[in-house]
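Numbered by the working numbering, the letters in the sequence shown go through residues 250 to 553 in order. Idealized CB from N, CA, C, for every residue including glycine. Structure first, then comments.
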Amino acid sequence: MTPSSATKPPKVGVQLPEVEREVRWPELRDMARAAEAVGFDSIWVGDHLLYRDPGIGARAPWEAWSVLAALAAVTDRVELGPLVASVSFHNPAMLAKKAATVDEISGGRLILGLGAGWNEVEYRAFGFPFDHRVDRFEEAFTIIRGLLRDGHVDFAGRWYEARDCELLPRPARQIPMMVGTVGERMLRLAAAHADAWNAWFTWFGNRPEGAAALRAKLDTACKEVGRDPATLERTVAVLVQVGGGEVPRRGGPEEAVEPILAEELGEQLAEFAAEGIGHVQLVIDPITVRSIERLGGLLGSGRR
Numbered sequence: 250m251t252p253s254s255a256t257k258p259p260k261v262g263v264q265l266p267e268v269e270r271e272v273r274w275p276e277l278r279d280m281a282r283a284a285e286a287v288g289f290d291s292i293w294v295g296d297h298l299l300y301r302d303p304g305i306g307a308r309a310p311w312e313a314w315s316v317l318a319a320l321a322a323v324t325d326r327v328e329l330g331p332l333v334a335s336v337s338f339h340n341p342a343m344l345a346k347k348a349a350t351v352d353e354i355s356g357g358r359l360i361l362g363l364g365a366g367w368n369e370v371e372y373r374a375f376g377f378p379f380d381h382r383v384d385r386f387e388e389a390f391t392i393i394r395g396l397l398r399d400g401h402v403d404f405a406g407r408w409y410e411a412r413d414c415e416l417l418p419r420p421a422r423q424i425p426m427m428v429g430t431v432g433e434r435m436l437r438l439a440a441a442h443a444d445a446w447n448a449w450f451t452w453f454g455n456r457p458e459g460a461a462a463l464r465a466k467l468d469t470a471c472k473e474v475g476r477d478p479a480t481l482e483r484t485v486a487v488l489v490q491v492g493g494g495e496v497p498r499r500g501g502p503e504e505a506v507e508p509i510l511a512e513e514l515g516e517q518l519a520e521f522a523a524e525g526i527g528h529v530q531l532v533i534d535p536i537t538v539r540s541i542e543r544l545g546g547l548l549g550s551g552r553r
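Shown next, in the form of structure tokens:
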């Protein structure tokens, strides 16, 4: 599809370092403030506990919800969210409580990204069951939706229960929920209940044409559940290479995907927008304050 001059530009966000290297809080804070200062629309953090990859060894980020609460307190404008929160790592009622709290601290800037999880290593290491993840997600999502949208849920399932549970204090608004997935059953759950859908760059080849193919699957899922596809926001995370950075990215499976070069990002964003993508999260290689500022400069001061 050829981008149209009438196509609305997507929002653009930045994912903070997850496992590329060990980053302490002062640098995370400075990255977030830099992203806000140069005009990015959102800041994201991974919700993972432990990676072990051949040739790299063990690595892990800080706990996501603690970081999100801290980011909410040191930023003023940008939206914030997990990309995405694995419901397997959280009691679903407590996850709704955490989301409501971070949304309150931020003044209504949270996007609640949710997923079913995938990395068996961290499940085993931290004692979470790895089986029936989509079944568990469906029950957890029912509880989370009930609490965040209605303030109350009375649910007893096979995997989770929340009996006569109330969410108090109530959030000041309806917190948007985003589901990250490409699986058919999860796509139907996203189509039926979510405000937005997300895809990671390895799922679609890191290019607009790949996102278009996934969009067709999402449109089908929406039609199957009786939803107008235009009412579900589409978002994607993309890998971007910035030359001249001072910290190399640590290796991993994502290196099999060709990154988008910083100099071509503007054109690629226009093509993503033409394919119906409304929000793009940048996974920056290397991820530093300098890289964030450079990308902000390339995208222009009009984003401020």
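Asked: Which stretch, first to last residue, makes up the beta strand (DSSP E) that contains R407?; Found: Looking at the DSSP string, R407 is not in any beta strand (DSSP E), and its letter there is neither H nor E.
Asked: If contacts are defined as beta-carbon pairs under 8 angstroms, then W408 and E388 qualify, I think. What distance do you get, rounded to the angstrom?; Found: 5 angstroms
Asked: Here's a check: name, in chain order, each residue in its chain whose Cβ is nearer than 7 angstroms to the Cβ of A283, leaving out the five neighbours to either side.; Found: V538, I541, E542
Asked: Buried or exposed: which applies to E495, given that a residue is buried once 16 or more other Cβ atoms fall within 10 Å of its Cβ?; Found: Confidence at E495 is low in this model, with a pLDDT of 47, below 50, so its placement is unreliable and the value that follows should be read with caution. E495 is exposed by the Cβ-count criterion.
Asked: Confirm, please, whether the CB-CB distance from P266 to I536 is below 8 angstroms.; Found: yes
Asked: Ignore the nearest five residues each way along the sequence and tell me which others in G395's own chain have a CB closer than 6 angstroms to its CB.; Found: V402
Asked: Are the beta-carbon atoms of A445 and L481 separated by less than 8 angstroms?; Found: yes
Asked: With DSSP run on the structure shown, which of helix, strand or coil describes R270?; Found: coil
Asked: In whole angstroms, what is the alpha-carbon distance linking F375 and V491?; Found: 35 angstroms
Asked: With DSSP run on the structure shown, which of helix, strand or coil describes D384?; Found: helix
Asked: Pick from L363, F379, G362: whose alpha carbon is nearest that of V370?; Found: F379
Asked: Counting along the chain, where does the alpha helix (DSSP H) carrying K472 start and finish?; Found: 457 to 473
Asked: Is the segment 424 to 441 touching the segment 458 to 470, taking contact as three or more C-beta pairs under 8 angstroms?; Found: yes
Asked: Straight-line CA distance for R499 to V287?; Found: Only weak support is given to the placement of R499: the predicted model assigns it a pLDDT of 46, under 50, and the value that follows is read from those uncertain coordinates. Rounded to whole angstroms, R499 to V287 spans 26 angstroms at the Cα level.
Asked: Would L361 pass as a contact of I424 if the rule is Cβ separation under 8 angstroms?; Found: yes
Asked: Output the residue ranges of the alpha helix (DSSP H) runs that lie fully inside the segment 350 to 395 and measure 4 residues or longer, sorted by chain position.; Found: 369 to 375, 382 to 394
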